[in-house]
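Residue 270 in the numbering used here sits at position 278 of the sequence shown; the count goes up by one each step and never skips. The beta-carbon is built from N, C-alpha and C at its ideal position, and this holds for glycine as well. Just so you know, these numbers come straight off a predicted model, no measurement behind them. All remarks here apply to the structure that follows.
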Amino acid sequence: MRVKDQNFLKKQNQSLVLEYIIQNGPISRAEIAKHMAMSPTSASRIVASLEEEQLIKEVYLETDEVGRKATYYTANEHSVVFVGVEIDVGLVRAGLMNLIGELITVRSFQTNTDHYEHVIEFIGQMVNELIREQQIGKDRIAGVCIGLPGLIDNEKGTVEFSAQFNWRNVPLKQLLEQKLDLEVFIDNELKLKALAEYVSASLPYKNVVMLGFGKGVGSALITDGEIYRGTNNMSGEIGHMTLDPYGAYCPCGNFGCLQTYIAIDFLLDEASKTQPMDSMDELAAAYHKKEKWAVNILEKAATYAGLAIKNVVCAYNPDAVFLSGSLIEDYPEIAELIIEKHSNSTWFPESYSYELLVTQMKGMGVVKGAALSVQRKLIKNLDFKGGA
-7 MRVKDQNFLK KQNQSLVLEY IIQNGPISRA EIAKHMAMSP TSASRIVASL EEEQLIKEVY
53 LETDEVGRKA TYYTANEHSV VFVGVEIDVG LVRAGLMNLI GELITVRSFQ TNTDHYEHVI
113 EFIGQMVNEL IREQQIGKDR IAGVCIGLPG LIDNEKGTVE FSAQFNWRNV PLKQLLEQKL
173 DLEVFIDNEL KLKALAEYVS ASLPYKNVVM LGFGKGVGSA LITDGEIYRG TNNMSGEIGH
233 MTLDPYGAYC PCGNFGCLQT YIAIDFLLDE ASKTQPMDSM DELAAAYHKK EKWAVNILEK
293 AATYAGLAIK NVVCAYNPDA VFLSGSLIED YPEIAELIIE KHSNSTWFPE SYSYELLVTQ
353 MKGMGVVKGA ALSVQRKLIK NLDFKGGA
C-alpha cells in the first residue's frame, strides 16, 4: 500500500473512532477494536493519540469482578468549542457548542442587517463577548460557522446573492476571519438547520428533506447523513423555480418565482392592496377572524406551499419531510392549512412513502447546525501522530 493511502486510512480511522466515542462512550478499547474491525494494537494506538490531543479522557467503571474497575474512554466535552452563528433579517443569533454537541450558551440580538459591513462588525463583537463570558481561550475554538439565507459558495465563503438582505458577492469568510482571528465557514442556513434536525432527531432515516417557508422559500436534502449540495451548493433553491414568467418580480432578477407566491413580504404586499399591512401578525389575525380577503391570500399561498412539498417528494423520494420557517413555526394555523392543502394534492403512490413532520429545532436550528458543521470538519480532518 502506498504511503499516501496509508496516511489517508490512518486519518480516517482516527476520525471514525473519535466519532464513535462521542456517540457511544464510555467505551473500552476492546469494544472499539471489535466495532471498528481493527486489531487491538491499532485501537490502542488511536485511543492513545486521541487522548494525547485531549479529545478523549479515561473513566473507570465497575466490572463484574469484585473490587475491580475497567478503563473506558469518553469524549472530553470541554476540549474544544464550536461557534455557530445565524444571520436573519434584523437578527443575529450566536451559540457555543462543546465536543459532544451540547449548546453551552445561545444569545439573540436585534440589529440592522441591511449592510454587511455593520453585520460583520456586530458578529465580531458578539462572538468575542460570548467567548469572554464563558472564559474560553481562543486556542480552544475549533472554528466559526455562519448560516444565512441565500446562494452561498461554501468553499470560497462568499455570499453570491441573498435576496433577504440584497447582498451580492460578499466575501464574508475573508472579512470575518480578519475580524475574529479564527477560522470561519459560511453556509446556507436551511442546509445547516436540516443537518441539526437530522442529528438531533436520531431517527432511522436515510434521506431527509427540510422545507423552509418564511421570508424566503427553500429546501435542503440530507442523504446518508450528509448535506447534498449539488455542483455549486445550489441544491434546494426551489424558491427561485419559475412558475409564471409573467408573474411578480423577484429580487433574484426573474419573474414569477415560487417564493413570490409564498414568502412573507410578498404576502404582505398582496394584503396591502386591500388594507395597510405591516406585519405577518396582522395578516394572521385577519385570517383568524375569517376576513375573506385574508383567507383568500393565505389559502392561495398554502396551496402553492402544498404543491411545493409534493414536487420535492416526487423529485427526491425522501423518508421524511420536515417543515420549517417562520410561517410554519410561528403560525400553527398556517402550518395546518399548508399540510391540509398538501394532503389534498398528494399522489396516491407517494402518500405512504414518507413522513411529514414539523421541525422541532425552532429558533436553535441554524446555530446548532452551524456548530455541528464545524464539529464534523474537525472530526473528518484529524491529523496527528498515532493511528492504525
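Residue environment, residue i, which counts as buried when at least 16 other CB atoms sit within 10 Å
| i | result |
| --- | --- |
| T33 | exposed |
| P310 | buried |
| A277 | exposed |
| G228 | buried |
| D261 | exposed |
| E347 | exposed |
| G317 | buried |
| Q409 | The structure shown does not extend to residue 409, since the chain spans only -7 to 380, so no value can be given for it. |
| A29 | exposed |
| T105 | buried |
| S211 | buried |
| L187 | buried |
| L329 | buried |
| R(-6) | In this prediction, R(-6) has a pLDDT of 42, which is less than 50 and means its spatial position is unreliable; what the coordinates show is noted afterwards. With fewer than 16 other Cβ atoms within 10 Å, it is exposed. |
Alpha-carbon to alpha-carbon, residue j and residue i
| i | j | result |
| --- | --- | --- |
| I384 | I289 | Absent from the model: residue 384. The displayed extent of the chain is -7 to 380, so no value can be given. |
| Y253 | A293 | 6 Å |
| L454 | E283 | Within the shown structure, residues of the chain are numbered from -7 to 380, placing residue 454 beyond reach of any answer. |
| D273 | N5 | 52 Å |
| N68 | S345 | 40 Å |
| F205 | F114 | 27 Å |
| Q267 | L275 | 10 Å |
| G248 | Q170 | 39 Å |
| I301 | G87 | 31 Å |
| L172 | K333 | 46 Å |
| R21 | P196 | 27 Å |
| L174 | I112 | 14 Å |
| I48 | F314 | 34 Å |
Helix, strand or coil at residue i [DSSP, three-state]
| i | result |
| --- | --- |
| I214 | strand |
| L374 | coil |
| I123 | helix |
| G142 | coil |
| I128 | coil |
| M118 | helix |
| Y220 | strand |
| E229 | coil |
| M356 | helix |
| G392 | This structure cannot speak to residue 392, because the chain is shown only from -7 to 380. |
| L203 | strand |
| G135 | strand |
Anticipated Cβ contact below 8 Å, residue i with residue j, distance rounded
| i | j | result |
| --- | --- | --- |
| K130 | I123 | 7 Å |
| V73 | R132 | 5 Å |
| P208 | F177 | Reading off the sequence, residue 208 comes out as Gly, not Pro. No, G208 and F177 are not in contact; Cβ-Cβ is about 21 Å, not under 8 Å. |
| A286 | A263 | 7 Å |
| V201 | L184 | That pair is no contact at about 15 Å. |
| G142 | K165 | In fact, because the Cβ distance is near 14 Å, the residues do not count as touching under 8 Å. |
| T63 | Y52 | 6 Å |
| K372 | S192 | That pair is no contact at about 20 Å. |
Residue-chain proximity (residue i, chain D), Cβ-Cβ < 8 Å
| i | result |
| --- | --- |
| D257 | The displayed structure is made up of one protein chain only, and chain D is not part of it. |
Q | Unbroken stretches of the alpha helix (DSSP H), 4 residues or longer, contained in the stretch 28 to 105 | A | 32 to 44
Q) What alpha helix (DSSP H) runs, 4 residues minimum, are completely inside the stretch 146 to 185? A) 164 to 172
Q | Those runs of the alpha helix (DSSP H) which lie wholly inside the stretch 235 to 321 and span at least 4 residues | A | 256 to 263, 272 to 280, 284 to 308 and 318 to 321
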